[in-house]
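Remarks on the structure that follows.
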Amino acid sequence: MYKRIMVPVDDSTASLYALKEACKLAKQLDATVLAVHVVDIAQFEFSTISVSDTVALRKAVEKAGLEILKHTEQEIQQAGVKSENLIMESAGDKIADVLVSQAASEHCDLIVMGTHGFTGLKHLLMGSVAEGVVRQSNIPVLLVRRQD
1 MYKRIMVPVD DSTASLYALK EACKLAKQLD ATVLAVHVVD IAQFEFSTIS VSDTVALRKA
61 VEKAGLEILK HTEQEIQQAG VKSENLIMES AGDKIADVLV SQAASEHCDL IVMGTHGFTG
121 LKHLLMGSVA EGVVRQSNIP VLLVRRQD
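Anchor point for the sequence shown: position 38 equals 38 in full-length UniProt numbering, and the numbering is continuous, going up by one each time.
The structure is reproduced here in structure tokens:
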């Protein structure tokens, strides 16, 4: 059965709900939860800012990611399951690609992730990381739908 469960986290209600579901499953299976947060540095326009500003921006983004993982760790500890945390960086890659690749390199056997369940124009404009993961993953993916 599942021994290593990856859970992508951000500051959304959907990801927190997915984390809680992953922890329930991990507790029953004596599995480890790998909480991951992806920082997409490509969203920032580095060509228009100075080098010192770039360093400060990277530090601020990393600090925000660490805060998310700190909150995540508290949730996992309350659930009483084994866990690891990881911050990943993306430089313009699709987040789904980064997650699927990391799940393989971390030897995960399940990905649990939240989804907002957007449809129509909102889905078209925002895309879906969850959908990308489902399409590419060679391991099972459990989607937990929750709207913020």
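Glycine is no exception: its CB is placed at the ideal position from the N, C-alpha and C atoms.
Ala35 is bridged by DSSP to Val7, Asn85.
Put simply, the backbone Cα of Leu142 is about 6 Å away from that of Met113. Contact check between the region 11 to 20 and the region 83 to 95: fewer than three CB pairs, one atom from each, fall below 8 Å, which does not count as touching. Where Ile95 is concerned, the enclosing alpha helix (DSSP H) starts and stops at 95 to 105.
Within the DSSP bridge table, the entry for Arg145 names Thr115 as partners. When C-beta atoms of the region 65 to 75 are compared with those of the region 23 to 37, three or more pairs fall below 8 Å, so the two segments count as touching. DSSP places Gly132 inside the alpha helix (DSSP H), whose first and last residues are 129 to 136. Listed as beta-bridge partners of Asp40 by DSSP are Ser90. For Leu110, the beta-bridge partners assigned by DSSP are Ile5.
Around the beta-carbon of Glu67, fewer than 16 other beta-carbon atoms lie within 10 Å, marking it exposed.
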